[in-house]
Amino acid sequence: MTASVPAAHLAHLNVATLRHPLDDPRIAPFVALLDSVNASADAAPGFVWRLVEEGEADATGLRPAGENVIVTLSVWESRQALWDFTYRSGHLEAMQRRREWFERPREAHLVLWWVPVGHLPSVEEALERLTELRAHGPSPRAFTFTAPFTAAERALGGAL
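Residue numbers for the sequence shown follow my numbering, beginning at -14 and rising by one.
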């Protein structure tokens, strides 16, 4: 008899260090893309949730990882749904221009992990997963697009 895998969604955290303050004219093209990219995410197949600052349309005002670091925290139905949004939507334009606005990461800046359906991760939880990835490399608890793990592999190691 095989145990069933608990239903899971994919959580995603990305941190990016700004080259200039968010209100600097050199960052204006990035800021101009925010509404359309966020609307695209909200409407994307497989999108579940994204972190937004209370009373705002995005999370750029939240700085839990440092004054010049912005965070993107979201939940998706699957790895494929997040991949499609990231690399096959209007988000790709922002990705292609990221070096204009953000410093090149010196360590892991993106982490993925499986969460139970209905769970919305906190920023603290997300930053802990990023710290784990940086310290130990990819594992079923904290991984990347290039070194993925399935929800089933995560379930083998214990509760999501």
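From the three backbone atoms N, C-alpha and C, an ideal C-beta is built for every residue, glycine too.
- The shortest C-alpha to C-alpha distance from Ser74 to any of Ala50, Ser21 and Ala(-8) is the one to Ser21.
- The beta strand (DSSP E) runs of length 3 or more contained entirely in the region 90 to 127 are, from start to end of the chain, 95 to 101.
- Secondary structure of Thr135 (DSSP, three-state): coil.
- The beta carbon of Ser59 sits closer than 6 Å to the beta carbons of His(-3) and Arg35 from its chain, once the five residues preceding and following it are set aside; these are given in chain order.
- In the displayed model, Ala(-4) falls within a strand according to three-state DSSP.
- Remark: C-beta atoms of Arg126 and Ala93 do not approach each other more closely than 7 Å.
- Going by DSSP, Arg4 is part of no alpha helix (DSSP H) at all; its letter is neither H nor E.
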